[in-house]
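My numbering applies: residue -2 is where the sequence shown begins, and numbers increase by one.
Where is the CB? At the ideal position from N, CA and C, for every residue including glycine.
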Amino acid sequence: MAKKTTKKQLSPLQEQASKGGKARAKAMTPKQRSENARRAVEARWAKAGKPTMLRATHGSLEHPLVIGDIELPCYVLEDGTRVFSQRGLQSGLAMGVRGGALRMAKFADDIALNSSKHQGLVARFKSPINFVSPTGHALGYEATILVDLCDAILDARSEKELKPGLAVVAERCEILVRAFAKVGIIALVDEATGYQYERARTALEDLLQEFLSDELRAWVKTFPNAYFKQLCRLKNIPMRPDMRFPRYFGRITANIVYKRLHPGLLNELQSRSPVNTKGNRPHKLFQWLSEGLGHPQLLQHLGAVIGLMKISPDYETFKKHLDVVAPVSTNDPAQLRLPTMED
């Protein structure tokens, strides 16, 4: 028979201290809680006789590096080291998150098994960087390791030594390497000319999207999940991963998005993709937008829309905000040329 355990009774003084601690935690701002968590981690490591971990001064889970549908949480440590989180790196390469750092080291070992060129990569994966992120202790790798890993995987593929199950990982690596190479050149020119001090904060990330290959565009959802997640919340509809959105979401989207992008744009898009006998449109409206002008403007507008959704408690409040920030276009469409596919 299992021995029954009884909860240890706290003394009145201990109970009062516990309540006080909970009250203080509840009153803290997210930034204060993050700092508190960092200090707690550092205290535990100091007590265990371990060296003090470096703290992330920039970066968070909420603002990853986004390349198409690949999200890579990244940080800059207080000594200037750029790192990708271990879990984020695995997830970004479509490897799942099980196994942690040991799995990453084993994976690198398998990839570099028949290549002396990539043996240094294995050692780097066997020594992840312990650091303190805004949410506490984390493991990461110096950022350039991603390019080296992608090179190793692509080399293995070219030598026909890549396991069949890693084909998707190799495809992602090819996308990343191409994007990083192109943006890297831009960054070097900007640094040499001093332009990096004038460009927009997100300019390089935007360039990654601009350089996406045609193959990757098929992976990218023009309307991100965040849009539908927020729309469901504002309409008090539970969102499920497999759900089919209500038909009226199409009418709402026409008003929220297309009527506000450009005068007469909605009518033009609808005329190019008329409703068929089943009551459906054979093509999504956004597929008629041009790559050079229409599509970028759509993405920019969607970003603003999602931001307004997040700060709005209900749909009516959101619409009021939207009407101020991006009112419905009412100018004469005959006076303006539409940014469509033929531009």
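Taking 9 angstroms as the threshold (C-beta atoms), are Q83 and G137 in contact? yes
Whole angstroms are fine: how far does the CA of V321 sit from the CA of E168? In a straight line, the C-alpha of E168 is about 43 angstroms away from that of V321.
C-alpha distance - V166 paired with G85, whole-angstrom precision: 14 angstroms
Using the C-alpha atoms, what's the distance from L173 back to K179? 10 angstroms
Go through the region 80 to 158 residue by residue and report every complete run of the alpha helix (DSSP H) that reaches 4 residues or more, in order. 83 to 89, 97 to 108, 116 to 122, 142 to 155
Helix, strand or coil at R52 according to DSSP, with G and I counted as helix: Reduced to three states, the DSSP call for R52 is strand.
Start and end of the alpha helix (DSSP H) containing V322? 312 to 322
Residue nearest to Y72 in terms of C-alpha spacing, selected from K123, F128, A153: F128
Extent of the continuous alpha helix (DSSP H) run through I253: No alpha helix (DSSP H) holds I253; DSSP gives it neither H nor E.
Is Q297 buried or exposed, if buried means 16 or more other CB atoms sit within 10 Å of its CB? By the C-beta density criterion, Q297 is exposed, having fewer than 16 other C-beta atoms within 10 angstroms.
Beta-bridge pairing of L69 - partner residues as DSSP gives them: L62
Is R52 close to chain C? Criterion is C-beta to C-beta, closer than 9 angstroms. Reference to chain C is not applicable here, since this structure consists of a single protein chain.
Would you tell me roughly how many angstroms separate the C-alpha atoms of Y312 and L143, rounded to the nearest one? Whole-angstrom Cα-Cα distance: 42 angstroms.
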